[in-house]
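Read the structure below first, then the notes.
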Amino acid sequence: MTFPRLIAALTMMLAAAGSQAYDFKSVGAAPVILYDAPSTKGGKLFVVPRGAPLEVVLAYGEWLKVRDMNGELAWTEAKGLSAKRNVIVKAANLKIRATPDDAATAVFTADKGVLLELSESVAGGWIKVRHRDGLVGFVKQTEVWGI
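Residue 149 is where the sequence shown starts when you use this note's numbering, and the numbers rise one by one after that.
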């Protein structure tokens, strides 16, 4: 392989890797069932509670192949998911800050597995979140799953 072809191949690979976008949706008003195939005749694997975020990996008609927080892949009906964005706290005693700054005062603390509503993304790798009790604050994107 010549040097120019090698450079071209590497450039195309980097462009393809960088263009991959993650699409997250949240479970709608009712829990959804995850199946091992894109059909209600497939084996039932899990029931995911309402509000939980799922990463959409592939769309196949009215079915979506999704990944959960544990990395498990399964299928679910698209109609059971919502465009509303939620995230899940990844670590115990996560401090939700008043401003997007490590030195900012903690507004509240959330335990591992707590569901938070995503309000907006902020520069510097922070997101604004809202707890179901109405408390609002900022966390680093790396501290939650679903974004």
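Backbone N, C-alpha and C define an ideal beta-carbon position, used for all residues, glycine too. Note that the structure is a prediction, hence the values are computed from the model and not measured.
If you compare alpha carbons, which of the options is closest to residue i?
i    : options             : result
K238 : K173, L264 and I181 : L264
V180 : A207, G294 and S230 : S230
Work out the CA separation of residue j and residue i for me, nearest whole Å.
i    : j    : result
T257 : K189 : 42 Å
G199 : A177 : 7 Å
V205 : V196 : 17 Å
I275 : G282 : 16 Å
P186 : K213 : 8 Å
Is it right to say residue i is buried, meaning 16 or more other beta carbons lie within 10 angstroms of its own, or is it exposed?
i    : result
Y183 : buried
N218 : exposed
E203 : buried
N234 : buried
According to DSSP, is residue i part of a helix, a strand, or is it coil?
i    : result
T290 : helix
K192 : strand
A226 : helix
From the DSSP output, read off the bridge partner residues of residue i.
i    : result
D171 : V204
Using beta carbons (cut-off 7 Å, strictly below), is residue i in contact with chain B?
i    : result
T247 : Here chain B cannot be found, since the structure has a single protein chain.
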